[in-house]
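**Student:** Below is the structure I would like to discuss, written out as structure tokens.
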Amino acid sequence: TLPAPFATNTAPEPAAVPTGGREFLIILDEEGVGPGREEPVRKAIAQLTASAAPSDRFGLISLRQGGFDIQASAPAVLTDTLTKFVGGGSQSESLGDLTCRTKRALSTLGSALRASSVGRTILLVTPGLPASPAGVQQMRQVTGDAADSSFSDLCQIRSNDFEDLGAAALASAANVYVLHYVDGMANTANIRDAQQGIENIAGTVNAELVRISGGSDVLERIMSETSSYYIATLDSAPAGAVRRVDARSTRAAVKLVARPAGRVRGGTATAAGPAPKAGSPRDMIRVPTVFRDIPLRATGLVSRVPGKTDLMVMALFEPEDPATKLNAAIVALYDEKGTLKAQWTAQPKELEVTPVAAAVPVAPGSYRMRVAVTDASGKAGTTDTDVVVQLKDAGPVKLGSIVMGIDQKSPKLQFTGSDPRVIGFVPIYGVTKDMKISIIYEVRESESGAPLGSIPGNLLEMPGAPDTRMVWAGFGLPPLAPGDYQLKVIVTVDGQEAGAVARTLRKVQ
3 TLPAPFATNT APEPAAVPTG GREFLIILDE EGVGPGREEP VRKAIAQLTA
53 SAAPSDRFGL ISLRQGGFDI QASAPAVLTD TLTKFVGGGS QSESLGDLTC
103 RTKRALSTLG SALRASSVGR TILLVTPGLP ASPAGVQQMR QVTGDAADSS
153 FSDLCQIRSN DFEDLGAAAL ASAANVYVLH YVDGMANTAN IRDAQQGIEN
203 IAGTVNAELV RISGGSDVLE RIMSETSSYY IATLDSAPAG AVRRVDARST
253 RAAVKLVARP AGRVRGGTAT AAGPAPKAGS PRDMIRVPTV FRDIPLRATG
303 LVSRVPGKTD LMVMALFEPE DPATKLNAAI VALYDEKGTL KAQWTAQPKE
353 LEVTPVAAAV PVAPGSYRMR VAVTDASGKA GTTDTDVVVQ LKDAGPVKLG
403 SIVMGIDQKS PKLQFTGSDP RVIGFVPIYG VTKDMKISII YEVRESESGA
453 PLGSIPGNLL EMPGAPDTRM VWAGFGLPPL APGDYQLKVI VTVDGQEAGA
503 VARTLRKVQ
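For the sequence shown, the working numbering begins at 3 and goes up steadily by one.
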């Protein structure tokens, strides 16, 4: 399941409880395991699959580029594949290589969390990762790499990497285990610092940390713990509020694992009084009520204010019914304390095109973006969506969000069978003249699936902004069946993959 391409106020269908077997996704850190140390990993996973029910399915993806990529399959497919597993770790693994491995782990785990539905269990199998900025700096001092100018910043771990991972875990329904294979580390000098990183990752995603060794049968415990789960429905609360969740059992020796918190989307009127009536957009941004008379979709995309270092949210929104004509609209950004930090009010001419585009400058941070609209008949609609106002780190450069459309002047929130193509535009900041930048665009059916197609991207210099390039490329839409797809843009700087941004593309009939 891909992330929704936009927020909507259309009343959701009741969540369906998954039927059938469980789904396990194993993320294997191949390059962390030393050659000749693979067998305990094979045995541990074989123990897991041996305890599986006939309807259980297993997927396997590798942190190594070009490594394993197995979609949910029968257990035998996984065990057969692991016979070909050869550890790629090195006894002389450099700090740069170790840090790049960590960067890939954070990105892969985050993508898996965002794509997970109820009933999936993710297992990250690794001998260790220095997964914190402080941990990397400590290793630099120990190894002497702090003064090594050859150390690449392309894989630098930053605090916002963990913020992104934590946000993905908070919104995910997946159950996570981190399997720490201590004896598998090829370079034993890195064990202590790599263990600290593992603990950091486990804490960030609220995962169970399990240590495995030769002949270990701890995965039987995982199969038992994932054999059942509960789905709880909480009483309504004001939209935008962060609700803390603590789950406990009255039964002795029972530990419950629950998502610790979540931002309430939508919401209904509280018991203090009746639901507020729709008024002007200015009135509607001040209350948590979801107004649904105008079905609406909206999204927030992040870029930099032209000619400045300040950031900007480009809010795109439109009525679901093309015949609806808006007569007023406001976009409001609220910080995590619920304080209004930025606001945009539409002018009449700005409402004559769809989707409506609102440019809202704001400081970096996490926000709830509320869009409120009305039409001439008095109907109203609102949407709420979380927006992290932060550029994506990509080594020495930074990336803005992907803006999709059929051409440069026609952004779209979703596409139809009559649209000939989709073109994705991505701004790159911090570019210097001596950098060699190459771009690859990919379309996938899932975040972990193989690309359906790929194409090189084009670079354009931006007048008045010498450190900025606009990247673009496109795909024909007719071959794609209706559904959701991932559009991914991969950036390479000076021959090394620096980073990527992705966005969900939706095609309807």
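Cβ atoms here follow ideal geometry from the backbone N, Cα and C, with glycine treated the same way.
Here the structure is a predicted model, which is why all the values come from computation and not from measurement.
#1: Give every residue of the same chain whose Cβ lies closer than 8 Å to the Cβ of Ser-484, excluding the five residues on either side of it in the sequence, and list them in chain order.
#2: Within 10 angstroms of its Cβ, does Ala-331 collect 16 or more other Cβ (buried), or is it exposed?
#3: Report the partner residues of Gly-23 according to the DSSP bridge assignment.
#4: Cβ of Asp-395 within 8 Å of Cβ of Lys-438?
#5: To the nearest angstrom, how far is the alpha carbon of Asp-58 from that of Tyr-183?
#6: Pull up the CB-CB distance for Asp-31 and Val-127, whole angstroms please, since I reckon it's below 8 Å.
#7: Is the region 339-352 touching the region 382-391 in the sense that three or more CB pairs, one from each, lie closer than 8 Å?
#8: Can you give the Cα-Cα distance for Pro-527 and Gly-168, rounded to whole angstroms?
#9: Alpha carbon to alpha carbon, what distance is there between Leu-131 and Ser-104?
#10: Going by other Cβ atoms of all chains shown within 10 Å of its Cβ, with 16 needed for buried, is Arg-471 buried or exposed?
#11: Leu-335 and Val-315 - do their beta-carbons sit closer together than 8 Å?
#12: Does the distance from the CB of Phe-87 to the CB of Arg-122 come in under 8 Å?
#13: Let's see if you can read the secondary structure: which residues bound the alpha helix (DSSP H) around Val-289?
#14: Given this structure, state the Cα-to-Cα distance separating Thr-206 from Arg-106, to the nearest angstrom.
#15: What is the C-beta distance between Ala-9 and Arg-299, in whole angstroms, given that I count them as a contact (C-beta under 8 Å)?
#16: For Glu-201, tell me which candidate among Ala-191, Gln-349 and Leu-181 has the shortest Cα-Cα distance.
#17: For Ser-368, which residues in the same chain have their Cβ closer than 6 Å to its Cβ, ignoring the five residues on either side in sequence?
#18: Tell me which same chain residues have a C-beta within less than 8 Å of the C-beta of Leu-313, skipping the five on either side of it?
#19: List the residues that DSSP assigns as beta-bridge partners of Asn-177.
#20: Looking at the C-beta of Val-375, does it have a partner C-beta in chain D at a distance below 8 Å?
#21: Could you check which residue in Gly-34, Thr-301 and Val-333 has the C-alpha nearest to that of Arg-288?
#22: So who's on the other strand from Thr-470, going by DSSP bridges?
#23: Out of Thr-311, Glu-25 and Leu-84, state which residue places its alpha-carbon closest to the alpha-carbon of Asp-469.
#24: Out of Gly-466, Asp-163 and Gly-38, state which residue places its alpha-carbon closest to the alpha-carbon of Gly-90.
#25: In chain order, which beta strand (DSSP E) runs of at least 3 residues are fully inside the region 60-104?
#26: Rounded to the nearest angstrom, what separates Glu-499 and Gly-309 at their Cα positions?
#27: Taking only runs that begin and end inside the region 351-405, name each unbroken alpha helix (DSSP H) of 4 or more residues, in chain order.
#28: With distances taken Cα to Cα, identify the nearest neighbour of Ser-119 among Ala-176, Ala-191, Thr-110 and Gly-476.
#29: Measure the CB-CB distance between Ala-54 and Ile-214 and report whether it falls below 8 Å.
#30: Tell me the DSSP secondary structure of Ile-492 in three-state form.
#31: According to DSSP, is Pro-42 part of a helix, a strand, or is it coil?
**Tutor:** To lay it out plainly:
#1: It should be pointed out that residue 484 corresponds to Pro in this sequence rather than to Ser. So the list reads Gly-419, Lys-509, Val-510 and Gln-511, once near-sequence residues are dropped.
#2: Classification of Ala-331: buried, given that the 10 Å Cβ count is 16 or more.
#3: DSSP output for Gly-23 lists no bridge partner at all.
#4: Not a contact, by the Cβ cut-off of 8 Å.
#5: The C-alpha of Asp-58 lies about 24 Å from the C-alpha of Tyr-183.
#6: Between the beta-carbon of Asp-31 and that of Val-127 there is about 6 Å, and that keeps the pair under the 8 Å contact cut.
#7: Not touching, per the Cβ criterion.
#8: A question about residue 527 goes unanswered here, because the residues of the chain that appear run from 3 up to 511.
#9: In the sequence as displayed, the identity of residue 104 is Thr instead of Ser. C-alpha of Thr-104 to C-alpha of Leu-131: approximately 6 Å in a straight line.
#10: It counts as buried.
#11: Leu-335 sits close to Val-315, with the two beta carbons spaced by under 8 Å.
#12: No, they are not a contact pair.
#13: Boundaries for Val-289: no alpha helix (DSSP H) harbours it, and the DSSP string shows neither H nor E there.
#14: Each residue's CA atom was taken as its position, placing Thr-206 and Arg-106 some 16 Å apart.
#15: Between Ala-9 and Arg-299, the beta carbon gap of about 7 Å places them in contact (Cβ cut-off 8 Å).
#16: Measuring from the Cα of Glu-201, the nearest candidate turns out to be Leu-181.
#17: For Ser-368, where only same-chain residues beyond five positions count, the Cβ hits under 6 Å are Glu-338 and Val-390.
#18: Excluding residues within five positions, the ones whose Cβ falls inside 8 Å are Val-304, Ser-305, Arg-306, Val-307, Pro-363, Val-364, Ala-365, Pro-366, Val-391, Gln-392 and Leu-393.
#19: In the DSSP output, where bridge partners are listed per residue, Asn-177 has Thr-123.
#20: The structure shown contains no chain D, having only a single protein chain.
#21: Ranking Gly-34, Thr-301 and Val-333 by Cα distance to Arg-288 puts Val-333 first.
#22: Beta-bridge pairing links Thr-470 to Tyr-431.
#23: Comparing Cα-Cα distances from Asp-469 to each of Thr-311, Glu-25 and Leu-84, the minimum goes to Thr-311.
#24: Comparing Cα positions, the closest option is Gly-38.
#25: For the region 60-104, the full-length beta strand (DSSP E) segments reaching 3 residues or more read 71-75 along the chain.
#26: Rounded to whole angstroms, Glu-499 to Gly-309 spans 27 Å at the Cα level.
#27: DSSP runs (the alpha helix (DSSP H)) wholly in the region 351-405: none.
#28: The residue with the shortest Cα to Cα distance from Ser-119 is Ala-176.
#29: Ile-214 is positioned such that its CB atom lies no closer than 8 Å to that of Ala-54.
#30: The answer is strand: DSSP assigns Ile-492 an E or B state.
#31: Here Pro-42 sits in helix by DSSP.
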